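Undergrad:
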């Protein structure tokens, strides 16, 4: 997966580094208090060094960090992990942490993305704090030559795995009336069994039973946890009470939803799906989303068509709560159409 050329990091913007950044980068890296913390940067550092490096820098893996339109530093994601620096006048304002958080989210949005290593000099407590704040944990020490120092320098070696990152960065989406957030075991098992186990709910899904035993519910929740990429389920809460589930499957970027029948007809299904759709397009850059609905589920078909989904075909599907095969409607929402929806971020 190629990362986005532009990433939002709170109030900061990560954008491609260009030749127009030459003066700012050279001014910063010519200072030993910046270059001295980096392994590959020489000292002194000049225009030729910048131009040589820019010509070979990988696209969509190096970003200038801007705050209110002002260049404040640089961050890169290399095979050996992230690297970053902030100009001295802008240090201590959270720029490195915010930029690193945005890059890590983009990295783990790829389902195939693996664990990330990282390194910093053993005497660089500030950089170590940024890494540890992001979830990196030290795994050992190593020596590496630092060009600006002209010597071998001890480094702390860190690692961040997907599960650790996801646990520290749950996807939470707030809307005017609802909160979408990861499900938890065992907290949510009983209410899920009650809601999803109702025949009127289960029969319109492809995976729920009626009744829905709690051990089966647990396995269902654990099968699609939030891990930073498509292939997850989120609970839907109203005033702190679980009222349903939305999901985004990795296969065909297929969305789904079920709600407690006691909450039907109040606009919550539309609100929850609008929020999921907007987040899926914005966070993962998906070209389209899909849905599969039983043909006799008129309410869901009406809802999805109202959100801009269009029919792409017909098929047949099964549900553990139905007997035999039943006609289904296949639908798709393209990104351009989805971006036109009045959807929550």
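In the UniProt record's numbering, the protein residues as written are 1 to 345.
Glycine is no exception: its CB is placed at the ideal position from the N, C-alpha and C atoms.
Bear in mind that the values here come from a model prediction, so they are computed numbers and not experimental data.
What does DSSP give as the partner residue(s) for residue 354 in the beta ladder?
TA: Residue 354 lies beyond the range of the chain shown here (1 to 345); nothing can be said about it.
Undergrad: So residue 255 is in the beta strand (DSSP E); what residue range does that whole segment cover?
TA: By one-based count along the chain shown, residue 255 stands at place 255. It spans 255-259 - the beta strand (DSSP E) in which residue 255 sits, taken as one unbroken run.
Undergrad: Looking at residue 31: is its Cβ nearer than 8 Å to the Cβ of residue 67?
TA: Mapped onto the chain shown, residue 31 falls at position 31. Mapped onto the chain shown, residue 67 falls at position 67. For residue 31 and residue 67, no; Cβs fall outside 8 Å.
Undergrad: I think residue 300 touches residue 203, with their Cβ atoms under 8 Å apart; what is that distance to the nearest whole Å?
TA: Indexing the chain shown from 1 puts residue 300 at position 300. Indexing the chain shown from 1 puts residue 203 at position 203. In fact, because the Cβ distance is near 12 Å, the residues do not count as touching under 8 Å.
Undergrad: DSSP puts residue 118 in a beta bridge; with which residues?
TA: Taking the chain shown and counting its residues from 1, the one referred to as residue 118 is at position 118. DSSP lists 158 as partners of residue 118.
Undergrad: If I follow the unbroken beta strand (DSSP E) through residue 45, where does it start and stop?
TA: In the chain shown, counting from the first residue as 1, residue 45 sits at position 45. Note, residue 45: premise wrong, no beta strand (DSSP E); not H, not E.
Undergrad: Looking only at C-alpha atoms, which of 305, 135, 276 and 14 sits nearest to residue 182?
TA: As a first step, residue 182 must be located in the chain shown, where it is residue number 182. Cα-wise, what sits closest to residue 182 is 276.
Undergrad: Of the choices 282, 330 and 327, whose alpha-carbon is the least far from that of residue 105?
TA: The residue given as residue 105 occupies position 105 in the chain shown. Taking only the C-alpha atoms, the option nearest residue 105 is 282.
Undergrad: Name the DSSP bridge partner or partners of residue 58?
TA: In the chain shown, residue 58 corresponds to position 58, counting from 1. Paired residue(s): none; residue 58 is not in a bridge.
Undergrad: Using only CA atoms, which one of 159, 29, 148 and 133 lies nearest to residue 140?
TA: Counting from one through the chain shown, the residue named residue 140 turns up at place 140. Of the listed residues, the one whose Cα sits closest to residue 140 is 159.
Undergrad: For residue 100 and residue 323, what's the separation of their Cα atoms in angstroms?
TA: For this step, residue 100 is matched to residue 100 along the chain shown. For this step, residue 323 is matched to residue 323 along the chain shown. Each residue's Cα considered, the two are about 50 Å apart.
Undergrad: Tell me whether the beta-carbon of residue 210 lies closer than 8 Å to the beta-carbon of residue 321.
TA: Here residue 210 refers to the residue found at position 210 of the chain shown. Here residue 321 refers to the residue found at position 321 of the chain shown. The answer is yes: Cβ separation under 8 Å.
Undergrad: Are the CB atoms of residue 178 and residue 238 within a distance shorter than 8 Å?
TA: What you label residue 238 is simply residue 238 of the chain shown in a count that begins at 1. What you label residue 178 is simply residue 178 of the chain shown in a count that begins at 1. Yes, the pair counts as a contact, with Cβ atoms nearer than the cut-off.
Undergrad: Should residue 107 be labelled buried (16 or more other beta-carbon atoms within 10 Å of its own) or exposed?
TA: Within the chain shown, the letter at position 107 stands for residue 107. Classification of residue 107: buried, given that the 10 Å Cβ count is 16 or more.
Undergrad: My guess is that residue 14 and residue 65 are in contact by the Cβ rule of under 8 Å, so how many angstroms apart are they, rounded?
TA: Stepping through the chain shown from its first residue, residue 14 is reached at position 14. Stepping through the chain shown from its first residue, residue 65 is reached at position 65. With a Cβ gap of about 6 Å, residue 14 and residue 65 count as contacting.
Undergrad: Going by the beta-carbon positions, is the gap between residue 8 and residue 102 smaller than 8 Å?
TA: Here the question's residue 8 lines up with position 8 in the chain shown. Here the question's residue 102 lines up with position 102 in the chain shown. Against a cut-off of 8 Å, the Cβ pair of residue 102 and residue 8 comes out as a contact.
Undergrad: Kindly list the residues whose CB is nearer than 8 Å to the CB of residue 36, restricted to its own chain and excluding five residues on each side of it in sequence; keep chain order.
TA: As a position in the chain shown, residue 36 is number 36, starting the count at 1. Here the set comprises 43, 146, 148 and 149.
Undergrad: Taking only three categories from DSSP, how would you classify residue 237?
TA: Position 237 of the chain shown, counted from the first residue, corresponds to residue 237. DSSP places residue 237 in strand when its eight states are reduced to three.
Undergrad: Looking at C-alpha atoms only, which residue of 50, 153, 242 and 62 is the closest neighbour of residue 122?
TA: The residue given as residue 122 occupies position 122 in the chain shown. Comparing Cα positions, the closest option is 153.
Undergrad: Taking residue 78 as part of the alpha helix (DSSP H), name the residues at either end of that continuous run.
TA: Walking along the chain shown from the start, residue 78 turns up at place 78. Looking at the DSSP string, residue 78 is not in any alpha helix (DSSP H); the run it does join, the beta strand (DSSP E), is 70-78.
Undergrad: According to the neighbour-count rule (16 or more other Cβ atoms, all chains shown, within 10 Å of its Cβ), is residue 93 buried or exposed?
TA: The residue given as residue 93 occupies position 93 in the chain shown. Burial call: exposed.
Undergrad: Are the CB atoms of residue 114 and residue 188 nearer to each other than 8 Å?
TA: Here residue 114 is taken as the residue at index 114 of the chain shown, counted from 1. Here residue 188 is taken as the residue at index 188 of the chain shown, counted from 1. In this structure, residue 188 does not lie closer than 8 Å to residue 114 by Cβ.
Undergrad: How is residue 292 classed by DSSP in three states: helix, strand or coil?
TA: Taking the chain shown and counting its residues from 1, the one referred to as residue 292 is at position 292. DSSP places residue 292 in strand when its eight states are reduced to three.
Undergrad: Just to check my reading of the structure: residue 232 and residue 224 have Cβ atoms closer than 8 Å, yes? What is that Cβ distance to the nearest angstrom?
TA: Residue numbering aside, residue 232 sits at position 232 when the chain shown is read from its first letter. Residue numbering aside, residue 224 sits at position 224 when the chain shown is read from its first letter. With 8 Å as the limit, residue 232 and residue 224 qualify as a contact, their Cβ atoms being about 5 Å apart.
Undergrad: Could you tell me if residue 342 is buried or exposed, where buried requires 16 or more neighbouring beta carbons within 10 angstroms of its beta carbon?
TA: On the chain shown, position 342 is the one that residue 342 refers to. Note on residue 342: pLDDT 38, under 50, position unreliable in the model; no value is reported.
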